[in-house]
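Numbering (our numbering), first residue to last: 45 to 392.
Each residue gets a CB set at the ideal place from its N, CA and C atoms; glycine is no exception.
Here's the structure we're looking at; comments come further down.
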C-alpha cells in the first residue's frame, strides 16, 4: 500500500535548526501537538532532522535526540497520521551555505552521508512502509546538477538495498526548485516520491524576512494576486545585496502572480511525474507571518487548490515558527483552516 501524504505540516525547529536541548526541546513539540494536527485533518507530518542533533562530532549517536525521533514516530502512529523523515542539514551540507558543500566534492563525505542513512534505516526499518517515508536530503545546493544526481542516486541505492519497499523522497537541485527539475535524474523505482519546494513570488512569501535578499530589498505594501509590488511603490525597492538577484530585472522579480502563474511554475515537476508515473509532493511552501493576513490567505488558498487539482501532496512550512499555523500560546493563525478548506473544496 502506498503511503498517504496528501495534507501535511512541517515540524520545524525541534530536531532541526534549533539550539534547544533537554526540557526546552521536549517542550517544543509533543504528543498533544500530533493529536491536534490529526484532529485538524492533516494526514502526515514532515519531520526535519539535523546531523548535529542526532550525532556528535565524533559520529556517536546522541541518545536523547534519537529517543525523541522514536517518540515522534510513535505519536504519529498512535494518532493515525504518517511521517516523512527529512534529513534536513548535514555538517557538510546546508541549504543556506554560500560555498560548494563538501558533500559534492569529497567521495568520503558522500560515503559518510550514505552511512548516516544506514544508521537511520537500522533504527526505523521496523516502521511500516505505508506509514513512514525517508527524504534523502533537504534542498541540495550543488553547483553542478550532475553532482547532486550522483550523490542522491548513491544514497538512494544504499537505502534501497536495505529496505526494498520503503518510500524514498527525492527532490531537485538548487533548493528543490521547480525550475531545475528537468536536470534531476530519477531512478527507475516505483517506491520513489518526487518532491519540490515552492515559495514564489518571494516578495510575498518572504516579505520583510531578514535572512532573505528579497525581504531586505523591500518592506512596503504588497498584494496578491497581481504584481506583488504596485507601480506606485517601486521607488521603495532597494538594490539587491545578493549576487543571485543582481542580474534579475524587476520585471522578473515582480511579475504578476495568480493561480494560472502558480500552475505554470510547476510545469517541470508535473512533466517529470507524468513521464515517470511517480507521485509528486510539495514538501515545503508558505508565506511568512509578516505579510498581511489577507495576502497570506489568498496565496495559500490558491496554491493548495493548484496542488489538489493536479494530484500533488503537500506539507506547509511550518507548524510552529514564522510561517506557522500555530501562533504564540498555541492559538491558530487561521492558515490551517484556509488550506484544509481549499483542499476539501470541489475541483473547478
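Short of 6 Å from the beta carbon of residue 270, and not among the five residues preceding or following it, lie these beta carbons of its own chain, in chain order: 300. Remark: C-beta atoms of residue 125 and residue 93 do not approach each other more closely than 8 Å.
Taking 8 Å as the cut-off, the beta carbon of residue 268 is found closer than this to the beta carbon of residue 342. Taking all protein chains in view, the Cβ of residue 283 is surrounded by fewer than 16 other Cβ atoms within 10 Å, so the residue is classified as exposed. As the crow flies, the alpha-carbon of residue 129 is around 10 Å from that of residue 55. Take residue 224, set aside five residues on each side of it, and the residues of its chain with a beta-carbon closer than 6 Å to its own are 216, 217, 218, in chain order.
Within the same chain, Cβ atoms closer than 6 Å to the Cβ of residue 47 are found at 126, 174, 177, 211, the five residues on either side in sequence being excluded. In the DSSP annotation of this structure, the continuous segment of the beta strand (DSSP E) that includes residue 130 starts and ends at 126-133.
Residue 161 sits away from residue 213, with the two beta carbons spaced by 8 Å or more. A contact is defined here as three or more CB-CB pairs under 8 Å, and the segment 107-126 meets this definition with respect to the segment 62-76. When C-alpha distances from residue 166 are compared across 229, 105, 123, the shortest belongs to 105. Under the 8 Å Cβ criterion, the segment 354-364 does not count as touching the segment 284-299, having fewer than three qualifying pairs. By the criterion of a C-beta distance shorter than 6 Å, residue 69 is surrounded by no residue of its chain, once the five residues flanking it on both sides are discounted. About 5 Å separates the Cβ atoms of residue 222 and residue 240, confirming a contact at the 8 Å cut-off.
Per the coordinates, the alpha-carbon of residue 201 lies some 15 Å from the alpha-carbon of residue 191. At the C-beta level, residue 179 and residue 327 come within 8 Å of one another. By the neighbour-count criterion, in which 16 or more other beta carbons inside 10 Å mark a residue as buried, residue 206 falls on the exposed side. In the structure shown, residue 59 adopts extended strand secondary structure according to DSSP, grouped into three states. Residue pairing from DSSP places residue 328 in a beta bridge opposite 241. Nearest Cα to residue 312 within the set 228, 131, 79: 228. Separation of the CB atoms of residue 335 and residue 379 is rounded to 11 Å, and the pair is thereby denied contact status at 8 Å.
Taking C-alpha positions only, residue 238 is separated from residue 322 by approximately 7 Å.
The beta carbon of residue 280 is closer than 7 Å to those of 262, 264 in its chain, skipping five residues each way along the sequence. The beta carbon of residue 158 sits closer than 7 Å to the beta carbons of 198, 199, 202 from its chain, once the five residues preceding and following it are set aside; these are given in chain order.
Per DSSP, residue 178 is one residue of the beta strand (DSSP E) stretching across 176-179. By the neighbour-count criterion, in which a residue is buried when 16 or more other Cβ atoms sit within 10 angstroms of its Cβ, residue 391 is exposed. Assigned with DSSP and collapsed to three states, residue 336 falls in coil, not helix or strand. When the five nearest sequence neighbours on each side are left out, the beta carbons in the same chain lying within less than 6 Å of the beta carbon of residue 367 are those of 330, 332, 361, in order along the chain. Annotation: the segment 75-145 contains the following complete segments of the alpha helix (DSSP H) (minimum length 4 residues), in chain order: 75-84, 95-98, 107-123.
Collapsing the DSSP output to three states places residue 193 in a helix. Put simply, the backbone Cα of residue 320 is about 25 Å away from that of residue 303. The C-beta separation of residue 257 from residue 286 comes to about 4 Å, placing the pair in contact by the 8 Å criterion. Using a Cβ distance threshold of 8 Å, residue 52 and residue 83 do not count as a contacting pair.
Taking 8 Å as the upper bound for CB-CB distance, residue 306 and residue 346 are in contact here, some 6 Å apart.
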